[in-house]
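Quick note, the sequences are listed as chains P and L, same order. Read in order, the letters of the first sequence correspond to residues 1352 to 1463 in my numbering. Read in order, the letters of the second sequence correspond to residues 253 to 395 in my numbering. The beta carbon of each residue, even a glycine, is placed where N, CA and C say it ideally should be. As the structure is a computational prediction, the values presented were derived from the model and not from experiment. Data first, discussion second: the structure below is written as structure tokens.
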Amino acid sequence: MADNKLLGSFEEIVLLAILRLTTDAYGAQIRKTVEEATGRSVSIGAIYATLDRLERKHFVVSWQGEATPERGGRAKRYFRIESEGRQALYETQETRRRLGHGLGLDPVGGTI
Amino acid sequence: MTMFIAWRPHCDNDQNGANEFPASQADDLLSEPHVIFGAARFDAKTILVIADSVVESRDPSWVPPQFAEMILVLALSPNKFRDNQVGDLAEDFVRYRAKYGIRFAQLWYWREVLREVWSAIPKPILWGGSVLALIEEIIRRHM
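Structure follows, in structure tokens:
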């Protein structure tokens, strides 16, 4: 039960990116946000594989958007986080916080 | 895009004065809403404007390398988000093209395509050789 609600690291990052982008959360923007936040290059395939997994778990919902000329007439696919996704995000972050509490993992060596 | 172009009636006066659609019929055709795309209704005039803008914007230097795009489509073919992914990369290509120039954008696009091709290859095929070698080594040690 509980383990189904826990997210992998990348799933967590992608969900946070969707939350941050609010109404503009589609593939290219999610990727850009993730790359800016992590400082690492991420393939668009990795983003969509994660989004697909999150959608199958009912953590996000997606729908087709508009097709624009610079996209060669191909539609965007927008994503929105569902209440189950918010719950999973909360539980994951809480688990991390509980496990990390008092371990002195912050960069200056103090406690979290 | 195909839909837009296929929709375009040949109503302009060409050099020979031959029209596939007489002007009066074309005006009638253009005056009513005809195409429902998603939740929106577009009349034919709007479709023509969109078609023109799409065709104009597909200047070869502003579109991803066609061969690379074809490989990408093939690599992603079983994927339900394929068109969205190809569109996202095309959008990023335009962004990089505007910011860093055509050469950078093309190299970037090829890198992205190769990444997708690499991830589309079933890994057992790549590992197959080394797994067989490992099995052979184990058998050899126990003989």
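Check	Outcome
Own chain residues within Cβ distance below 7 Å of P:Ala1426, not counting five before or after	Gln1415, Gly1416, Glu1417, Ala1418
Start-end ranges of the alpha helix (DSSP H) lying completely within the segment 1395-1426 of chain P, minimum 4 residues	1395-1407
Per-residue DSSP class, three states only, for L:Phe356	helix
Residues that P:Ser1394 contacts on chain L, provided the C-beta gap is smaller than 8 Å	Glu364, Arg367, Glu368, Ser371
Endpoints, the alpha helix (DSSP H) within which P:Ala1376 is located	Note, P:Ala1376: premise wrong, no alpha helix (DSSP H); not H, not E.
P:His1452 vs P:Glu1435 beta-carbon contact at 7 Å	no
Helix, strand or coil at L:Glu319 according to DSSP, with G and I counted as helix	Note that residue 319 of chain L is Phe in the sequence shown here, rather than Glu. Three-state result, L:Phe319: helix.
Closest by C-alpha distance to L:Arg367, when choosing among P:Lys1356, P:Val1365, P:Thr1389, P:Ile1395	P:Ile1395
Beta carbon proximity, L:Ala413 to chain P, threshold 7 Å	Past the edges of chain L, shown from 253 to 395, lies residue 413 of chain L, and the structure says nothing about it.
Given 8 Å, three or more beta-carbon pairs between the segment 319-327 of chain L and the segment 1366-1374 of chain P	no
First through last residue of the alpha helix (DSSP H) which encompasses L:Leu328	Where L:Leu328 is concerned, there is no enclosing alpha helix (DSSP H), given that its DSSP letter is neither H nor E.
Alpha carbon of P:Ile1432 to alpha carbon of P:Gly1455, nearest angstrom	32 Å
For L:Glu389 and P:Val1385, the rounded distance between their alpha carbons	43 Å
Cutoff 7 Å: P:Ala1379 Cβ touching any chain L Cβ	yes
Test: P:Gly1451 CB closer than 7 Å to a CB of chain L	no
As assigned by DSSP and simplified to three states, the class of P:Ile1364	helix
Residue range of the unbroken alpha helix (DSSP H) whose run includes P:Arg1391	Where P:Arg1391 is concerned, there is no enclosing alpha helix (DSSP H), given that its DSSP letter is neither H nor E.
Exposed unless 16 or more other CB atoms sit within 10 angstroms - verdict on P:Arg1422	buried
L:Leu386 to L:Arg392 span [Cα, whole Å]	10 Å
P:Val1411, buried or exposed, once every other Cβ within 10 Å from all chains shown has been counted against 16	buried
Paired residues, beta bridge with P:Ile1432 - DSSP	P:Val1411
Interface flag, P:Leu1391 vs chain L, CB-CB below 7 Å	The identity of residue 1391 of chain P in the sequence shown is Arg, whereas the question assumes Leu. For P:Arg1391, the answer is no, since every Cβ of chain L falls outside 7 Å of its Cβ.
Contact set between L:Gln337 and chain P, taken where Cβ atoms lie within less than 8 Å	Gly1378, Ile1395, Gly1396, Tyr1399
L:Asp311, DSSP secondary structure in three states	coil
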